[in-house]
Each structure stands twice: as C-alpha cells, then as structure tokens.
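A.B. asks: Quick one: structure below, then a few questions.
Protein chains in written order, with our numbering: chain A, 54 to 196; chain B, 768 to 843.
Here it is as structure tokens:
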C-alpha cells in the first residue's frame, strides 16, 4: 500500500508505524518523513477551511508514477504517500511522505524530491474558505 | 465514439463546464480541443492531460481519448 487518498482525517504517525511494522526488521536503517498540515492563515488572511479537489484516477496514477520514479533514482526499501481530498480544517494533516532506506542520504533526498514532485505534478487544487469568501489557491509556495 | 473533455477547479467554474463530449472530426491535438471548447488559443497557464497523462498543447488526441484541462496544481 504505497499510495493512498483519504477523505477523512488521518493520523500520519499511526500510518508510518503501521507501514514500518510491515517491513522486515533490519532491512532498513533510515526513515525520513514529511507531514504537511493545514494552517489557519495564508497570504495574510485567516483561513477557516479548505476544499481539496482532485482528478480521480489521474491523481492515483501520478502519485504511483512519482513513487516508481523515486525508486528508480534511489535504492529504497519502502515508500508511503498519503494525501487528503475533500474538506479539511486547520490543524489537520494534508499530506504524508514516508521513505525507508538503508542509509539516511537516500531517505532524506527521496522524501524531499517526492514532496516537491507531488506539489508540482499531482492534480490537486486547493480552495480556501476565508471570512471574506472562497478563493482558489493559484500556486504553491516555493519549497 | 467521441472525445471526452473534463475541466477542473477554477477553470471549471470560469468556463461553467465540468464534463462534455465532442466529435473527433477536425481534432488533432490538445490545442484543437481547447479551441473547439472555448473558441480561443490555449493559454500558457492552462495545463492539460490526455488519458490521465500530463500533455502539452501539441500532444495528439484521438477518438475515444479523455482530455482534461486544469489550472496549475496546488496540492501538498
């Protein structure tokens, strides 16, 4: 289970733990992870909630393609990518990338690369609900 | 058959189109689909996919394909 889209709130730490329990003990020496969490502010405004639209089918395929590409670039033991869709409230996790490898170098590198590639290529779009109304986020902040 | 067209996010709201179909006659590439849909040239800031793969304006489109248009992605 490498890639997952979830509609409800998820616990990134429980998912990391569950994934790691599936791996043969001693097969990895490094675990790197990134968790993206929803802020209650953006571009100087209060944000009350968020709606995450996606392209069902292409989103999963694009995330699968990215994890396959990461596995070609670095010798990885396991990869886990989880992303929320639908309505999200501040403080809730949006995205999780977890990478297991023999050594820290490839774990750090693959985790960073996957997160940035996801933000550039995976078909998700954020719509923010602010006290002044709703607005689409036009582009991501630089990583 | 037909070419299936899907539109997402702010572009969907702006065009008032979520999903439609068009006949394949006269359609050779992604830019042709956009022109049939809107009457305009495909703007640089509009992204596209053919059969769920990212595609440029010149990417070929055939009968039965699914073509999607969307703004820059903002996930993560």
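Don't be surprised by glycine CBs; every beta carbon is placed ideally from N, CA and C.
DSSP on residue 81 of chain A, reduced to helix/strand/coil?
C.D. replies: In the structure shown, residue 81 of chain A sits in coil (DSSP, three-state: anything other than H, G, I, E or B).
A.B. asks: Between B:842, B:837, B:843, which lies nearest to residue 779 of chain B when the distance is taken from Cα to Cα?
C.D. replies: Looking at the Cα atoms, B:837 is the closest of the given residues.
A.B. asks: Alpha carbons only, please: which of A:140, A:164, A:107 is nearest the one belonging to residue 134 of chain A?
C.D. replies: Here the closest residue by C-alpha is A:164.
A.B. asks: Does DSSP classify residue 799 of chain B as helix, strand or coil?
C.D. replies: Three-state DSSP puts residue 799 of chain B in a helix.
A.B. asks: Kindly indicate which residue of B:839, B:841, B:816 has the alpha-carbon position closest to the one of residue 833 of chain B.
C.D. replies: Of the listed residues, the one whose Cα sits closest to residue 833 of chain B is B:816.
A.B. asks: When the Cα of residue 181 of chain A is compared with those of A:123, A:65, A:102, which residue comes out closest?
C.D. replies: Selected option, being the one with the closest Cα: A:102.
A.B. asks: Just list the beta strand (DSSP E) runs in the stretch 88-133 of chain A, keeping only unbroken ones of 3 residues or longer that don't cross its boundaries, in chain order.
C.D. replies: Here the runs fully enclosed are 102-107.
A.B. asks: Residues in its own chain within less than 6 Å of residue 158 of chain A by CB, not counting five upstream and five downstream?
C.D. replies: Nothing listed; no residue qualifies.
A.B. asks: May I have the straight-line CA-CA distance separating residue 77 of chain A from residue 128 of chain A, to the nearest angstrom?
C.D. replies: Answer to the nearest angstrom: the Cα atoms are 16 Å apart.
A.B. asks: What residues match up with residue 179 of chain A in a beta bridge as DSSP calls it?
C.D. replies: Bridge partners of residue 179 of chain A: A:105.
A.B. asks: Can you name the residues that DSSP bridges to residue 833 of chain B?
C.D. replies: Its beta-bridge partners are B:771.
A.B. asks: Got a sec: which bits of the stretch 148-168 of chain A sit with their beta carbon under 7 Å from any beta carbon on chain B, in order along the chain?
C.D. replies: Cβ contacts with chain B: 148, 168.
A.B. asks: Please confirm if the stretch 792-799 of chain B is in contact with the stretch 818-835 of chain B, defined as three or more CB-CB distances below 8 Å between the two stretches.
C.D. replies: Verdict: yes, contact present.
A.B. asks: With distances taken from CA atoms, which of A:130, A:154, A:126, A:98 is nearest residue 186 of chain A?
C.D. replies: Cα-wise, what sits closest to residue 186 of chain A is A:98.
A.B. asks: Classify residue 194 of chain A as buried or exposed, calling it buried when 16 or more other Cβ atoms lie within 10 Å of its own Cβ.
C.D. replies: Looking at its Cβ environment, which holds fewer than 16 other Cβ atoms inside 10 Å, residue 194 of chain A is exposed.
A.B. asks: So, at 6 Å on beta carbons, what are the nonlocal neighbours of residue 824 of chain B in its own chain, with the 5 sequence-adjacent residues on each side left out?
C.D. replies: Contacts found: 797, 798, 809.
A.B. asks: Can you grab the Cα-Cα spacing for the pair residue 83 of chain A / residue 150 of chain A, in whole Å?
C.D. replies: Each residue's alpha carbon lies about 14 Å from the other.
A.B. asks: Kindly indicate if chain B contains any beta-carbon less than 7 Å away from that of residue 176 of chain A.
C.D. replies: Chain B, which has a Cβ nearer than 7 Å to the Cβ of residue 176 of chain A, makes this yes.
A.B. asks: Check whether chain A comes within 7 Å of residue 841 of chain B, counting only Cβ atoms and requiring the distance to be less than that.
C.D. replies: Yes, residue 841 of chain B counts as interfacial toward chain A.
A.B. asks: Would you kindly work out how many angstroms separate the C-alpha atoms of residue 86 of chain A and residue 152 of chain A, rounded to a whole number?
C.D. replies: Rounded to whole angstroms, residue 86 of chain A to residue 152 of chain A spans 6 Å at the Cα level.
A.B. asks: Name the DSSP bridge partner or partners of residue 148 of chain A?
C.D. replies: Paired residue(s): A:89, A:136.
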